[in-house]
Amino acid sequence: MWPFTAREEQAAPAILDDETKAAPPAVERATLSSPDDELYLLLTGGYGTGTASGESVGPNSALRVPAVLAAVRVIANTVASLDVRVMRLQADGVALEDFEHPANAILARPAPWSGRFTYFQTLTFDALKHGVGYAVANRLRGEVRELIRIRPGSLACDLNLDTGEPSYRYGDRVYPWQDVVHVQPIPSDNGELTSIVNLAREGIGFAGVLQKHGARLFANGAKPGGILSVKPSPGEKTVSPTVLKRVAEVWSKTFGGGGAGKTAALPADVSYESLAMNSVDAQYLDLWKLAILEIARAFGVPPQFLQDLERTTHSNAEELGLQFVQFCIAPFCGLFTEAHERVLFTDDERNTYFIEFDYSDLLRPNTQALFDAMQKGVVGGVLTPNNARRRIGEQPVKGGDTLLVPLNTRPVDQPQPIAQPATPPAPTPEPVP
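Okay, so the sequence shown: first residue is 0 according to numbering that gives the first Met the number 0, each after it adds one.
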């Protein structure tokens, strides 16, 4: 029997009808399918999973490692900062933004108390830390009116192993897949969840050990420990353990931590021998760099975004930024687009409507390169002047929606015109005398 008592909690988010706005409060017991905080932490490793280094690594304790915090934060904040658009595919194959679709209002403010940035940031944190991010749709007359974030572990996912079709349970309420935003970075065949933090727990634990080791080393003035030798009193062969313990405690309180570096005055029966710095202490910086690289690999983030700029130069910084967008942010946004298209669009709408994240701000080059590219686009007939002005944040101008082409260009299949010789002017008649 689980040692968790029943308590009154807010009911599961309800599918709204014409008369009701929210489900009434209900008494919910902590179960495997709907755990409370204590049971959830116990089941999901929130209290920490043991590692070979001896560090306990869990969804929250992992964030105490600065490199993990930086990786999770840069991914979550980048995804949340992107503009989200509802696009409609026309018959000619051209996709245009649809400003009238109701999904625009939901994506702009998923819930009255949660804006777009907070919503996507929280779901990304959940997906990276716990392995899944959930949000449940509240509907009114069949239309989605709210997207409510659900804490991971509170929603149970039942997966049909034959078809792969999921359904979800929150307490006694069952939700179809059309009503649940489900973001899961690490796929699973049998419905079992795992997170990047859990898979990379050994690397994170290694970084945590180095962090604590460095703190202890520098708390002692960046000096290794030593050995205190105590001679027995006259008439005794050995020193009692009580005396040794008392001497060690007095030495640690006096010369440890903030007292490191002070001059010690020792009695004749006590001597001190300093230990040499071992290999781990001497290579601490190299090991710390290795730990940062391991965490960067796990999250797919270039080291420069974890503030490791050792190998970052002016020539490769922009390329590393492009790789971050292409191989880390874009796949994550792909998970969000699919998850929200299932909920916000009907079966028929999914044939013509789709959700798109705007990466233009992330891919924007420096000012000089941007203006050079816009100039070539306008002169080459690829962009209209107003297209270029919008990309640099300027207002359109009258007559700027016309494509311009150079005079010396022509279609490939059109022969080059042959220049005709100029006709000489007619001779001026001589005046008759």
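Positions of the beta carbon are idealized from the N, C-alpha and C atoms, including for glycine.
Within a 10 Å sphere around the beta-carbon of PRO395 sit fewer than 16 other beta-carbons, which makes this residue exposed. With a threshold of 16 other beta carbon atoms within 10 Å, ILE391 falls short and is exposed. A distance below 7 angstroms between beta-carbons, with the five flanking residues on each side excluded, links THR351 to the following residues of its chain, in chain order: ARG87 and LEU88. Within the model, the alpha-carbon separation for VAL64 versus ASN76 is close to 18 angstroms. DSSP places GLU96 in the uninterrupted beta strand (DSSP E) bounded by 94-96. In this structure, the CA atom of VAL269 is about 35 angstroms from the CA atom of LEU284. In this structure, SER80 is the residue among SER80, SER251, VAL143 and GLN367 with its C-alpha nearest to the C-alpha of THR121. Using a C-beta cut-off of 8 angstroms, the region 132-151 makes contact with the region 106-119, since at least three inter-stretch Cβ pairs fall below that distance. Going by DSSP, PRO186 is part of no beta strand (DSSP E) at all; its letter is neither H nor E. With a cutoff of 8 angstroms on beta-carbon distance, HIS339 and VAL179 are scored as not near each other. Around the CB of LEU95, fewer than 16 other CB atoms lie within 10 Å, so the residue is classed as exposed.
The Cβ atoms of GLY376 and ALA387 sit closer than 8 angstroms to each other. Under DSSP, PHE353 takes part in a beta bridge, and its partners are MET86. When Cβ pairs closer than 8 angstroms are counted between the two stretches, the region 155-164 is seen not to touch the region 310-328, the count staying below three.
In summary, ASP347 is exposed, with fewer than 16 beta-carbon neighbours lying within 10 Å of its beta-carbon over all protein chains present.
A straight-line Cα-Cα distance of about 23 angstroms links SER166 and PHE353. Straight through space, the alpha carbons of VAL135 and ILE149 are spaced by roughly 7 angstroms.
Beta-bridge analysis with DSSP links ARG172 to TYR169.
The shortest C-alpha to C-alpha distance from ALA102 to any of PRO428, ARG84, TYR118 and LEU192 is the one to ARG84.
Rounded to whole angstroms, the separation of the alpha carbons of ARG200 and ASN59 is 12 angstroms.
When ASN189, SER232, THR241 and LEU286 are compared, the shortest CA-CA separation from GLN210 is found for LEU286. For ILE149, the secondary structure class from DSSP, reduced to helix, strand or coil, is strand. Counted as a single uninterrupted DSSP element, the beta strand (DSSP E) harbouring CYS156 occupies residues 155-158. Distance check between PHE344 and each of ARG138, ALA69, PHE298 and ASP82 places ARG138 closest, using alpha-carbon atoms only.
Short of 6 angstroms from the beta carbon of ALA295, and not among the five residues preceding or following it, lie these beta carbons of its own chain, in chain order: PRO302 and LEU305. Secondary structure of ASN76 (DSSP, three-state): helix. ALA110 sits in a strand when the DSSP states are folded into three classes. Judged by DSSP in its simplified three-state form, VAL381 adopts coil rather than helix or strand. Each residue's CA atom was taken as its position, placing PRO184 and THR366 some 35 angstroms apart.
ARG245 has no beta-bridge partner at all, per DSSP. The straight-line gap separating the alpha-carbon atoms of LEU127 and VAL71 is approximately 7 angstroms. With a threshold of 16 other beta carbon atoms within 10 Å, ALA69 meets it and is buried.
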